[in-house]
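For the sequence shown, our numbering assigns the number 17 to the initial residue and increments by one for each residue that follows. C-beta atoms are modelled at their ideal positions from N, C-alpha and C, and glycine is treated no differently. Owing to the predicted nature of the structure, the values given are computational and were not obtained by experimental measurement.
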Amino acid sequence: DDPSSVISNYKEIHFIGDSVLRQQFMALCCWLDPQIQLQNTTSPSDSKQQGYVGTYQRQGTTTILRYSHFGFLANTTRTLYEVKHGLFPQAFKNASSSNHAHDIAIVFNMGFHFNKNRASTLHESAQILKESLVSMEQQTSPSTSSSPIPQVFYMETPDEQWPTSNGLYTKSCHKVCACEALTPERMEGNGEFSNIAARDVRRGMPFSIDDVFRPLYPDLFKHNPMDPKDDFYNRCVPDCLPANWRNELVHTVFNPPKEEHSQVIQTVPIWNQLVSQGVPHMVKQGDCTHKSSDSLILMNQQLLRQMSK
Numbered sequence: 017d018d019p020s021s022v023i024s025n026y027k028e029i030h031f032i033g034d035s036v037l038r039q040q041f042m043a044l045c046c047w048l049d050p051q052i053q054l055q056n057t058t059s060p061s062d063s064k065q066q067g068y069v070g071t072y073q074r075q076g077t078t079t080i081l082r083y084s085h086f087g088f089l090a091n092t093t094r095t096l097y098e099v100k101h102g103l104f105p106q107a108f109k110n111a112s113s114s115n116h117a118h119d120i121a122i123v124f125n126m127g128f129h130f131n132k133n134r135a136s137t138l139h140e141s142a143q144i145l146k147e148s149l150v151s152m153e154q155q156t157s158p159s160t161s162s163s164p165i166p167q168v169f170y171m172e173t174p175d176e177q178w179p180t181s182n183g184l185y186t187k188s189c190h191k192v193c194a195c196e197a198l199t200p201e202r203m204e205g206n207g208e209f210s211n212i213a214a215r216d217v218r219r220g221m222p223f224s225i226d227d228v229f230r231p232l233y234p235d236l237f238k239h240n241p242m243d244p245k246d247d248f249y250n251r252c253v254p255d256c257l258p259a260n261w262r263n264e265l266v267h268t269v270f271n272p273p274k275e276e277h278s279q280v281i282q283t284v285p286i287w288n289q290l291v292s293q294g295v296p297h298m299v300k301q302g303d304c305t306h307k308s309s310d311s312l313i314l315m316n317q318q319l320l321r322q323m324s325k
């Protein structure tokens, strides 16, 4: 596969996301040109605001490749998604003001930094982002109709492969647990977990499940976490939610059954594709979140397929 034929159709591609998306960005740059020069744009005043920019040239065409890191800002919804302040909408606005807006792509993800206790924040963030983009799309005046809005691609959150009930990260596994491919039981949220993972089991604290999950997983609400005879939730580490809950929750916002307006956010499916391989795809044991080079190639292939539609 030659990624250059797709990438060269864009004037600029801006990746905005966490450290896994940074991996994907770096992998794409290396795939395009192993000798590509990337400039570090990390803010001197805030090392958490990492960034890179590079230029890819092919047969007379030039594509600017950018990456902006937000992982540590996931706790601040305003910083990321709100119209006046958000990193995403600002990137969208900057692209929309360009004379070649349709030749600009924004690629983002938004999953790993949200656990079950922040599910409502993830759902709210997705809603704010979509509303922001739809609003800006509707504000496009007839005079700028020849310069459409940029294309926006949402990368699904890849599967995690921690030896827990659903493969999701748990603190006591950090740097010590061996990674394992998801089993059918873990996909459902009731898989076996390792003894190390069990150290994070709740210490007499009642388990709670956010109402935002009720439309997706009504059966989970049949159990009473306050009933000592009902140990359903107590046998899961870190929780009993299905392994793909982050994507399924975000899909209710980005891909509702009845869309009343144009789809401003295109979803790039990768979760099922990675899970179907049935093998661990980590960089090293003890880190079951970040991805191997083979997995990053697959993720970029999926992105290029979506971009070429």
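Have a look at the options and flag the residue whose alpha-carbon is nearest the alpha-carbon of residue i.
i	options	result
Q51	Y72, Y233, L138	Y72
I29	V150, N206, Q55, T79	T79
C304	C189, K238, S21	C189
L319	P285, L265, G67	P285
S141	T268, I313, P273, R74	T268
L290	F248, E196, C256, V253	E196
L54	N115, G70, P234, L184	G70
S148	R134, I165, C256, K132	I165
T199	W47, K146, P258, V22	P258
W287	L236, I23, K307, V253	K307
F270	F41, M126, T57, S311	M126
How close, in whole Å, do the beta carbons of residue i and residue j come, if the pair is a contact with beta carbons under 8 Å?
i	j	result
P83	F124	Just to set this straight, residue 83 is Tyr in the shown sequence, not Pro. With a Cβ gap of about 11 Å, Y83 and F124 do not count as contacting.
G76	C193	50 Å between Cβ atoms; not a contact.
Q228	S136	The amino acid occupying residue 228 in the given sequence is Val; Gln does not appear at that position. So it is a contact: roughly 5 Å between Cβ atoms.
L184	E172	Contact flag wrong, Cβ pair sits at about 15 Å.
L232	E264	6 Å
In the DSSP assignment, the alpha helix (DSSP H) including residue i goes from what residue to what residue?
i	result
R38	35–48
I144	135–154
L54	From DSSP, L54 is part of no alpha helix (DSSP H) but of the beta strand (DSSP E) over 54–56.
T180	Looking at the DSSP string, T180 is not in any alpha helix (DSSP H), and its letter there is neither H nor E.
L114	A small correction: the amino acid at residue 114 is Ser; Leu does not occupy that position in the sequence shown. Element bounds for S114: n/a, residue is neither H nor E.
S292	Per DSSP, S292 belongs to no alpha helix (DSSP H) and is neither H nor E.
P231	Element bounds for P231: n/a, residue is neither H nor E.
N316	309–323
R202	200–204
S22	Note on residue identity: the sequence assigns Val, not Ser, to residue 22. From DSSP, the alpha helix (DSSP H) with V22 extends over 20–23.
Roughly how many whole angstroms lie between the Cα atoms of residue i and residue j?
i	j	result
P174	Q317	14 Å
R215	H85	31 Å
R321	P19	10 Å
L314	D243	45 Å
P133	N115	Looking at the sequence itself, residue 133 is Asn, so the reference to Pro does not match. Approximately 42 Å, taken between the alpha carbons.
L138	L48	33 Å
A121	I32	11 Å
S163	H118	Low local confidence applies: a pLDDT of 46 at S163 is under 50, so the model's placement there is unreliable, with the coordinate-based value given in what follows. Those two C-alpha atoms are separated by around 6 Å.
V36	D235	32 Å
L44	D34	15 Å
R230	F237	7 Å
R251	G67	41 Å
M323	V253	37 Å
Helix, strand or coil, according to DSSP, for residue i in the structure here?
i	result
S163	Model confidence at S163 stands at a pLDDT of 46, short of 50, so the residue's coordinates are unreliable; what they give is reported in the following sentence. Of the three classes helix, strand and coil, the one that applies to S163 here is coil, per DSSP.
S28	Residue identity check: residue 28 is Glu in the sequence provided, not Ser. Three-state result, E28: strand.
F209	coil
K300	strand
T268	helix
Q350	The question about residue 350 has no answer here: the residues shown for the chain are numbered 17 through 325.
F169	strand
By the DSSP assignment, the beta strand (DSSP E) with residue i in it spans what residues?
i	result
L81	77–85
I120	120–124
V284	282–284
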